[in-house]
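Enquirer: Residue numbers (our numbering), protein chains in the order written: chain L, 3 to 343; chain S, 76 to 605. All C-beta atoms in this analysis are idealised placements derived from N, C-alpha and C, irrespective of residue type, glycine included.
1. Can you tell which of L:34, L:189, L:213, L:245 has its C-alpha closest to the C-alpha of residue 227 of chain L?
2. Quick check on the DSSP output: what are the complete alpha helix (DSSP H) runs of length 4 or more inside the segment 214 to 253 of chain L, in order along the chain?
3. Who pairs with residue 286 of chain S in a beta bridge, going by DSSP?
4. Using a Cβ cut-off of 8 Å (strictly closer), state whether residue 54 of chain L contacts chain S.
5. How would you list, in chain order, the residues of chain S whose beta-carbon sits under 7 Å from the beta-carbon of residue 164 of chain L?
6. Compare the C-alpha of residue 197 of chain S against each of S:514, S:214, S:178 and name the closest.
7. In chain order, what residues of the same chain lie with their CB nearer than 6 Å to the CB of residue 484 of chain S, ignoring the 5 residues before and after it?
8. Among the residues of its own chain, which have a CB less than 7 Å from the CB of residue 141 of chain L, if the five just before and after it don't count?
9. Using DSSP with H/G/I as helix, E/B as strand and the rest coil, what is residue 372 of chain S?
10. Tell me the DSSP bridge mates of residue 85 of chain S?
11. Hey, which unbroken runs of the beta strand (DSSP E) at 3 residues or more fall wholly within the segment 184 to 254 of chain S?
12. Using a Cβ-Cβ distance cut-off of 8 Å, determine whether residue 395 of chain S contacts chain L.
13. Of the residues that make up the segment 484 to 515 of chain S, which ones have a beta carbon closer than 8 Å to any beta carbon in chain L?
14. Any contact of the segment 517 to 534 of chain S with the segment 486 to 499 of chain S, i.e. 3+ C-beta pairs under 8 Å?
15. With a threshold of 8 Å, are at least 3 pairs of Cβ atoms found where one atom belongs to the segment 283 to 296 of chain L and the other to the segment 320 to 333 of chain L?
16. Exposed or buried, which one is residue 119 of chain L when buried takes at least 16 other CB atoms within 10 Å?
17. Using a Cβ-Cβ cut-off of 7 Å (strictly less than) and excluding sequence neighbours within five positions of residue 147 of chain S, which residues of its own chain qualify?
18. State yes or no: is the C-beta of residue 101 of chain L within less than 8 Å of the C-beta of residue 71 of chain L?
19. Which residue or residues does DSSP assign as beta-bridge partners of residue 570 of chain S?
20. I want to verify the contact list: residues of chain S whose CB lies under 7 Å from the CB of residue 223 of chain L, in sequence order.
21. Does residue 316 of chain L pass the burial test, meaning 16 or more other C-beta atoms within 10 Å, or should it be called exposed?
22. Excluding the five sequence neighbours on either side, which residues of its own chain have a C-beta within less than 6 Å of the C-beta of residue 308 of chain L, listed in chain order?
23. Quick one: residues in its chain with C-beta nearer than 8 Å to the C-beta of residue 280 of chain S, no 5 flanking neighbours on either side, listed in chain order?
24. Considering only the alpha carbon of each residue, which of L:174, L:159, L:76 lies closest to residue 442 of chain S?
25. Comparing alpha-carbon positions, which option in L:293, L:340, L:41, L:311 lies nearest residue 344 of chain L?
26. Which residues of the segment 436 to 455 of chain S have a Cβ closer than 8 Å to any Cβ of chain L? Give them in chain order.
27. Under 8 Å by Cβ, that's how I've got residue 93 of chain S and residue 99 of chain S pegged, so tell me the actual separation to the nearest angstrom.
28. With a threshold of 8 Å between beta carbons, is residue 368 of chain S in contact with chain L?
29. Say whether the segment 563 to 580 of chain S touches the segment 416 to 423 of chain S, bearing in mind that this needs 3 or more beta-carbon pairs closer than 8 Å, one atom from each stretch.
30. So residue 206 of chain L contacts chain S; which residues on that side make the cut at Cβ distance below 7 Å?
31. In the DSSP assignment, find the alpha helix (DSSP H) that holds residue 107 of chain L and state where it starts and stops.
32. Could you tell me which residues DSSP pairs with residue 269 of chain S in its beta bridges?
33. Straight-line CA distance for residue 315 of chain S to residue 223 of chain S?
34. Since residue 33 of chain L contacts residue 121 of chain L with CB under 8 Å, what's their CB separation in whole angstroms?
35. Cβ of residue 184 of chain L within 8 Å of Cβ of residue 446 of chain S?
36. Flag this pair as yes or no: are the beta carbons of residue 371 of chain S and residue 566 of chain S separated by less than 8 Å?
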């Protein structure tokens, strides 16, 4: 199961579901699903490290979110303890409800974070950048390189910090970090130059013509202006017949300009993605989930999706269809396991 | 055929040209070695062959270059990328993608090659370089030697006529360097590939070389067959130095070409105990049964070492053997098992400040240390870190040992590689440590800079300072070391006299040892003495 488009579709569906759900039970099921999925997708030797690091991070986020909300929001009936009212900002009661509300927000943040982590495990940087149109190929490359640069910068920070510490730098004050910043900046620039030399000497961004035709540049300006104008009309609540034509016109102009620019770039792709049997199955299941979710939102009674612990904490309402929808995060696991076999 | 005619190049904002009126021809299917001191323009010249100079660098260029019918000055690197493959000094810095196969395919993707042809070309180069087993691996999971091969595959894929390699063996252990060179030789023989290599350490490359171009600052370049060029330059590999001293003509460039001669005094040089007197013979650092496990992988296992005052211990071994980890363990930077006793105290009982007050450390990249505005300030910062102070006169006197007095107000990062390394060494030793740890200090250094390094190391040794030196440069280690430790797969396989290490362990034999087998001679000085 390697198809980028299929994974992106799953990612977007799950993201929408997470945004719609504030019920902690559903969110916890989502979170557990994403943890299991990430565990399945992580590299064989790194599974336990992946699990440990992410669980630590999730626990910290949920705790910090609950703690901050508990400290600053004083609503709710179940008072756990109180700070004197004279204490600025935090003075007042710390309630179970506000802690719960903070924890639910923490779970939502964690679910979104884990969703990105899972996508990162499922797809390589190259697969993600492949989604960028050919006309914007250099931008895709910059994103790809920035992402791969990040771990190498982290490694360089450790190396330089260690070298400076051995030289006697105590690394205690902010000023002590200057000896790291300058060598890091200089070595990053040097490496950047080598990388761009390497790319240039390997024919990167070879175009049929060196200069972009002027009409394409003018077209791009008109297209962008059109979309921007439509957006202004939308913001000021003008009727749809004001902004919709502008959006459509801008979109069409930009589409054709990107197409014209793409033709000038001769790149091809080493990996051609095919839709495997499992990818197809995954897509069908995913579409089914989307259909069920849309129907439930339009024709059903989606009250159980939201939950508020205020004014007094209560057990969240649970319904069958949302529980079923949370299984979307578990769906890829059997297909991945089947792929491995 | 590659033709260079009256080529002159000057970088922007520079007052002098890097090289002037270069004229020479390189025959198809030959291997040319570009050599010369640091800053003589070797890397700049290499970049002229594919148009990176002047198209990428800017600057003033005059003269003509013809690379198999293409003019890099007019066409630029995009067009030249179809004929010329370039491998940079640090392969890791040139990788774009995180997987081997994607990295190799990058050039073909940019050339717009159709999918099927691209797969066949990638498979072809992978097969030629025999790297099938790492084809689907991530770049971070492969060794240093494999990274060089991937960089070469990425440069050559699609069928290039010219391969340019900038210092390809400087970071490799002797065995890996030999393997890489035999791959290059094979490609040259089988495909008629033209190869241009720049290098400081010539000893390994000479047997494969057809022509040498020697560049020197302020002097005319010398170009021609190795014998002709090497007879005109002073700093040469041991085989040439010995041949010159023994007045052998023509100069041999391969061990097999060296005549079988018996020097007048042909007594076998004995292996005596090291000449360290009782005072300096005292152990300053004792390592007992040291093991390091990282991510369930054993990096070091059962290491036992004694380092004495005034001793120069050289640690050699393949890439990934655990040499740097050993140095980091000595500094207490690694979670370990076993004992490390520094000046009678177990390092576990010392705090970090106490350890680094006694030990100085030069990392593989000396640039990691340099950030101050002047050379003098670099020294003052180290002193301040250790709560010490020295007068300006004392600082100048200290800099004079490193021949840096005239650079005392210079910005360290503007200096040459050799000068920067000297500043870094001065900065880490200004507080007069008792032990100095050096990680690959000869990497990228030319013969004259190495000779300056030799002088500092000997001076420290005479002062009773212990030096632990990690290096792949066996010739340098043979000259300087009092004792040698061979570390392989995290274990010490040998510790003892350099004469044993550099004669009896084949991968680490020096050129002298190979020319005179059975005599325990490891340096040119040994030949002269006998």
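Expert: Quick answer:
1. L:245
2. 216 to 237
3. S:107
4. no
5. 408
6. S:178
7. 449
8. 134
9. strand
10. S:135
11. 237 to 241
12. no
13. 488, 502, 503, 506
14. yes
15. yes
16. buried
17. 123, 124, 125, 126, 140, 155
18. yes
19. S:560
20. Per Cβ cutoff of 7 Å: no residues; residue 223 of chain L is ~28 Å from chain S at best.
21. exposed
22. 24
23. 108, 244, 256, 272, 274
24. L:159
25. Any question about residue 344 of chain L goes unanswered here, given that chain L covers just 3 to 343.
26. 436, 438, 440, 442, 443, 444, 445, 446
27. No, residue 93 of chain S and residue 99 of chain S are not in contact; Cβ-Cβ is about 16 Å, not under 8 Å.
28. no
29. no
30. 185
31. 98 to 124
32. S:237
33. 28 Å
34. The pair is not a contact, with the Cβ atoms about 15 Å apart (cut-off 8 Å).
35. yes
36. no
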